[in-house]
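Number of protein chains: 2
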Amino acid sequence: MPCTARKGRRRTRQVTRKRPPSSIAVARLAGVSQSAVSRTFTPGGIASPATRAKVLAAAEALGYRPNLLSRSLTTGRSGIVAVAVGGLANPFHAMALESFAEGLQRTGRQVMLVVVADEWALGSAVELLSGYQVDAVLTSLSVNATDVAEALARFAVPIVTMNSAVTSRWVRTVAADDHGAGVAIAKHLHAQGARRFGYIAGRSGTLAQERREAGFRQGLAELGIAECARAQGDHHHGGGSAAVRALYASGTGPDGLFCLNDLTAMGAIDALREDFGLRCPEDVLVAGYDNVAASAWPPYRLTTVDVGLDRIAAQAFALMEAEEVEPSEVLVRPHLVTRASTRC
Amino acid sequence: MPCTARKGRRRTRQVTRKRPPSSIAVARLAGVSQSAVSRTFTPGGIASPATRAKVLAAAEALGYRPNLLSRSLTTGRSGIVAVAVGGLANPFHAMALESFAEGLQRTGRQVMLVVVADEWALGSAVELLSGYQVDAVLTSLSVNATDVAEALARFAVPIVTMNSAVTSRWVRTVAADDHGAGVAIAKHLHAQGARRFGYIAGRSGTLAQERREAGFRQGLAELGIAECARAQGDHHHGGGSAAVRALYASGTGPDGLFCLNDLTAMGAIDALREDFGLRCPEDVLVAGYDNVAASAWPPYRLTTVDVGLDRIAAQAFALMEAEEVEPSEVLVRPHLVTRASTRC
DNA sequence: ACAAACGTTGCATAGGGATGCAGTCGAGCA
DNA sequence: TGCTCGACTGCATCCCTATGCAACGTTTGT
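Put into structure tokens, the structure is as follows:
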């Protein structure tokens, strides 16, 4: 067997930046043991007032702050929660992020942000994140692909999504009642006088989108209406405009339009006015979804659905902290915000 | 002297969640030493193909991922960069965040997000972040208070701000040439026929705001114009509207309006139309700042300034990585985007 | 055929902090 | 006065990975 013990070796670590003071340095200066320093800074740690004072003075003098990364080594929890959002260009995602971040910071957790393109990117992002020992992952994306959900479960980290095709011990879901909101929009548009209906979708295959559409169609069906025009947008302003151009190009289009989200709806309204000279409340009623700030602005005054991000965030936190979860989704009741865009 | 060595103690750690497999577990399964596992996963580590294969197989079987937090213990760099933004309700901040996040993720760094109210909150946020050993801090805030800048410097972490009153070895600044842009806007408005000018400010005391205003006034001065009405907004849509109501309430208001940012400008335009029946290009020319997505929408078609976030982000990354920096700020030349809101 | 050179591997330890255990010291009690 | 109890404190370890060094086996050179 090789090599006997030896000591006093010299490190030539590469660009080793100057390290901040450690608890050992503080202990030396304060004339106490390293454990005393640790106990002073550990919540719930026991130290006499005298010791605590000496330690705090020394720490202040050196500018010492406990290294939370190495703390997480012993405690097994990093205090870091990952938040994955897709596309901050959409103010809804920005607001969701802000809600999450605020709540997490308030409870002393830190937010690791990951911007992901879609749910598949989410898989590899989580793989990376698991290396950082994040305590949980929150995402405003919805997970539809079953295999993605299963892949996520492998990391043994609580993952809270907004809509997921399958939920499991690790993949948990909180969502607004998109279906119910779709029904409500249908009835509202009808009550306001719309008779020819249309729906502008987003990228196909997202659960939220499918549920909103299904709800809308069911609402129409309950009113005895089977027909509903349809066009596809892209979740953004431009897509809404394009969809309207497709819908109204040939002959009369719908006079009641439900759009997957507010950006799409605002794009739709703009195209109606610009390209077809149609006025929004008078000729076509338009409703959106998300209650983005801009939806309240005078040019739009858009009827929309407020999902209640604060309540969603609160539920997400609860789900994230739960030890065990029976696989089922938590639904939050959204709130219909009626504005001038659907008032004749 | 107390206690002699003893071993085999039992831990009753509190809710110790099941820990993920460690390199030791992988080593055991693969029949190699822990160092072999470490070398397999360390970029640049040396291991024979045979060993590497055994290790990778074992790691795959156990679902092992190296713990990046403890890695950072030895390497001294966490790979985490903090990004501090204020108020994601403003799409400009959301866009800045996205630019930063994308660039950082592309280079394999992780983003720790901090939402802060103002620069003072930034100070305590950085204090907390320094516990997480972040490699640098980026922020879309500007730091004006000298004492805040000095407090930040104490943490010995590179901090890149957008505008800072004082720069130092640690506090570095990249900014758009707000002053120059203000001048350009003044000349543009004048060239388009405006004669009575007005400026809508944000909260007082932010450097960006002061520079835009100073530039605007200098541009006017160069045109021989001394007079410029002024009202204060709040960086948001509502503030712009309120400012317009204040400006136009008594008699004729300006026919050339420069607003601190796009949200303010859009609020201004809406109030001009709603409350005073003034049309935007015909009666009043309006310009904003930031080139937010909504500024291109048909109701506004807002002339604005694009600061070039991608270039700013690139410069920020360079500043962040620089070992030593001569204390001076990096200026990026912004780009005037002219749209219908200033075309008669 | 022997030595030197090279490529790999394992050992031991560092890095910062948390904590079980045992020992110290002072206070309270009989 | 003597003893028990309790409050602290320090020691020794552990958490997980990275890495300097020495030892090993193999290949190459002469």
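Top line first, the protein sequences correspond to chains A and B.
Going by numbering that gives the first Met the number 0, the first residue of the first sequence is number 0, and it counts up by one from there.
Going by numbering that gives the first Met the number 0, the first residue of the second sequence is number 0, and it counts up by one from there.
Positions of the beta carbon are idealized from the N, C-alpha and C atoms, including for glycine.
Keep in mind the model is a prediction, meaning the values are calculated, not measured.
Residues of chain B with CB closer than 8 Å to the CB of residue i, please, in chain order.
{"i": "Met-265 of chain A", "result": "Trp-296"}
{"i": "Ala-313 of chain A", "result": "Here the premise fails: no neighbours, minimum Cβ distance about 17 Å."}
{"i": "Ala-24 of chain A", "result": "Result: empty, since nearest Cβ-Cβ is about 14 Å, beyond 8 Å."}
{"i": "Ser-77 of chain A", "result": "Leu-68"}
Measure the C-alpha to C-alpha separation of residue i and residue j and round it to an integer number of angstroms.
{"i": "Gly-179 of chain B", "j": "Lys-53 of chain A", "result": "53 Å"}
{"i": "Val-306 of chain A", "j": "Ala-56 of chain A", "result": "49 Å"}
{"i": "Ser-129 of chain A", "j": "Leu-87 of chain A", "result": "23 Å"}
{"i": "Gly-266 of chain A", "j": "Val-142 of chain B", "result": "37 Å"}
{"i": "Ser-249 of chain B", "j": "Phe-275 of chain B", "result": "11 Å"}
{"i": "Ser-37 of chain B", "j": "Tyr-131 of chain B", "result": "23 Å"}
{"i": "Phe-344 of chain A", "j": "Leu-112 of chain B", "result": "It is not possible to answer for residue 344 of chain A, since the shown part of chain A is limited to 0 through 343."}
{"i": "Ala-4 of chain A", "j": "Ile-23 of chain B", "result": "Residue confidence is low: Ala-4 of chain A scores 33 on pLDDT, short of 50, so the model does not pin down where it sits. Its coordinate-derived value is still stated next. If I take the Cα positions, the gap works out to 21 Å."}
{"i": "Asp-177 of chain B", "j": "Leu-335 of chain A", "result": "42 Å"}
{"i": "Asp-146 of chain A", "j": "Glu-212 of chain B", "result": "55 Å"}
{"i": "Pro-384 of chain A", "j": "Ala-35 of chain A", "result": "The question about residue 384 of chain A has no answer here: the residues shown for chain A are numbered 0 through 343."}
{"i": "Pro-42 of chain B", "j": "Pro-65 of chain B", "result": "12 Å"}
{"i": "Pro-1 of chain A", "j": "Phe-154 of chain A", "result": "In this prediction, Pro-1 of chain A scores a pLDDT of 33, lower than 50, which makes its location untrustworthy; the coordinate-derived value is nonetheless stated afterwards. Spanning the two alpha carbons is a distance of roughly 38 Å."}
{"i": "Ala-174 of chain A", "j": "Ala-152 of chain A", "result": "19 Å"}
{"i": "Leu-284 of chain B", "j": "Ser-69 of chain A", "result": "58 Å"}
{"i": "Ala-220 of chain A", "j": "Ala-245 of chain B", "result": "50 Å"}
So which residues of chain A does residue i contact, with C-beta pairs closer than 9 Å?
{"i": "Ala-273 of chain B", "result": "Correcting the residue type first, residue 273 of chain B is Glu in the shown sequence and not Ala. Residues of chain A passing the Cβ test: Pro-297."}
{"i": "Met-319 of chain B", "result": "By Cβ distance, chain A contributes nothing, its closest Cβ being about 13 Å from Met-319 of chain B, past 9 Å."}
{"i": "His-234 of chain B", "result": "Residues of chain A passing the Cβ test: none, with the nearest at roughly 12 Å."}
Please list the terminal residues of the continuous alpha helix (DSSP H) segment that includes residue i.
{"i": "His-92 of chain A", "result": "90-105"}
{"i": "Gln-208 of chain A", "result": "206-221"}
{"i": "Leu-111 of chain B", "result": "According to the sequence provided, residue 111 of chain B is Met. The question's Leu does not apply to it. Where Met-111 of chain B is concerned, there is no enclosing alpha helix (DSSP H), although the beta strand (DSSP E) it sits in stretches over 109-114."}
{"i": "Phe-316 of chain A", "result": "308-320"}
{"i": "Ile-268 of chain A", "result": "261-275"}
{"i": "Ala-180 of chain A", "result": "177-190"}
{"i": "Thr-39 of chain A", "result": "33-40"}
Taking Cβ-Cβ distances shorter than 7 Å, what residues in chain B pair up with residue i?
{"i": "Gly-62 of chain A", "result": "Arg-153"}
{"i": "Val-114 of chain A", "result": "Glu-97, Ala-100, Glu-101, Gln-104"}
{"i": "Tyr-131 of chain A", "result": "Leu-67, Leu-68, Gln-109"}
{"i": "Leu-55 of chain A", "result": "The premise fails here: Leu-55 of chain A is roughly 15 Å from chain B at the closest Cβ pair, so nothing lies under 7 Å."}
Using only CA atoms, which one of the options lies nearest to residue i?
{"i": "Gly-255 of chain B", "options": "B:Leu-301, B:Thr-50, B:His-189", "result": "B:His-189"}
{"i": "Tyr-299 of chain A", "options": "A:Leu-262, A:Ala-225, A:Thr-74", "result": "A:Leu-262"}
{"i": "Ser-21 of chain A", "options": "A:Gly-43, A:Leu-67, A:Pro-48, A:Gly-44", "result": "A:Leu-67"}
{"i": "His-187 of chain A", "options": "A:Glu-273, A:Ala-49, A:Ala-286", "result": "A:Ala-286"}
{"i": "Ala-144 of chain A", "options": "A:Ile-184, A:Trp-119, A:Val-125", "result": "A:Trp-119"}
{"i": "Val-133 of chain B", "options": "B:Arg-76, B:Leu-301, B:Gly-237", "result": "B:Arg-76"}
{"i": "Arg-108 of chain B", "options": "B:Glu-126, B:Gly-78, B:Asp-117, B:Ala-116", "result": "B:Gly-78"}
{"i": "Arg-210 of chain B", "options": "B:Gly-181, B:Arg-171, B:Gly-237, B:Gln-33", "result": "B:Gly-181"}
{"i": "Pro-19 of chain B", "options": "B:Gly-62, B:Arg-105, B:Ala-49", "result": "B:Gly-62"}
{"i": "Arg-216 of chain B", "options": "B:Leu-259, B:Gly-238, B:Ala-175", "result": "B:Leu-259"}
{"i": "Pro-280 of chain B", "options": "B:Glu-97, B:Ser-340, B:Leu-103", "result": "B:Ser-340"}
{"i": "Thr-345 of chain B", "options": "B:Arg-332, B:Ala-317, B:Glu-322", "result": "This structure gives no information on residue 345 of chain B, because the portion of chain B shown stretches from 0 to 343."}
{"i": "His-236 of chain A", "options": "A:Ala-185, A:Arg-64, A:Asp-269", "result": "A:Asp-269"}
{"i": "Gly-238 of chain B", "options": "B:Phe-257, B:Gly-201, B:Gly-214, B:Thr-73", "result": "B:Gly-201"}
{"i": "Thr-302 of chain B", "options": "B:Ala-58, B:Arg-310, B:Tyr-288, B:Leu-308", "result": "B:Tyr-288"}
Identify the contact partners of residue i in chain A, using a Cβ-Cβ distance below 8 Å as the criterion.
{"i": "Asp-269 of chain B", "result": "Trp-296, Pro-297, Pro-298"}
Going along chain B, which residues have a C-beta under 9 Å from residue i?
{"i": "Asn-162 of chain A", "result": "Chain B residues near Asn-162 of chain A: none, gap ~22 Å exceeds 9 Å."}
{"i": "Leu-72 of chain A", "result": "Asn-66, Leu-68, Ser-69, Leu-72"}
{"i": "Leu-28 of chain A", "result": "Going along chain B, no residue has its Cβ under 9 Å from Leu-28 of chain A, so there is no contact; the nearest lies around 18 Å."}
{"i": "Arg-18 of chain A", "result": "Gly-75"}
So residue i contacts chain A; which residues on that side make the cut at Cβ distance below 7 Å?
{"i": "Pro-253 of chain B", "result": "Result: empty, since nearest Cβ-Cβ is about 20 Å, beyond 7 Å."}
{"i": "Gly-250 of chain B", "result": "Within chain A, no residue comes near Gly-250 of chain B; the closest Cβ sits about 24 Å away, beyond 7 Å."}
{"i": "Leu-219 of chain B", "result": "Simply none; closest approach about 29 Å."}
{"i": "Gly-122 of chain B", "result": "Near Gly-122 of chain B there are no residues of chain A at all, since even the closest Cβ is about 14 Å away, more than 7 Å."}
Could you tell me the boundaries of the beta strand (DSSP E) in which residue i lies?
{"i": "Ile-79 of chain B", "result": "79-84"}
{"i": "Ala-286 of chain A", "result": "284-286"}
{"i": "His-235 of chain B", "result": "Note, His-235 of chain B: premise wrong, no beta strand (DSSP E); not H, not E."}
{"i": "Ile-158 of chain A", "result": "158-160"}
At least three beta-carbon pairs within less than 8 Å, the region 134-142 of chain A to the region 83-96 of chain A:
yes
Do the region 92-100 of chain B and the region 17-27 of chain A touch if we need at least three Cβ pairs shorter than 8 Å?
no
Assess, as a yes-or-no matter, whether the region 187-205 of chain B is touched by the region 223-234 of chain B under the definition of 3 or more beta carbon pairs within less than 8 Å.
yes
Three or more C-beta pairs under 8 Å: does that hold for the region 324-340 of chain A against the region 147-167 of chain A?
yes
Does the pairing of the region 199-208 of chain A with the region 147-166 of chain A give three or more beta-carbon distances under 8 Å?
yes
For the pair the region 288-298 of chain A and the region 235-253 of chain A, tell me if three or more CB-CB distances fall below 8 Å.
no
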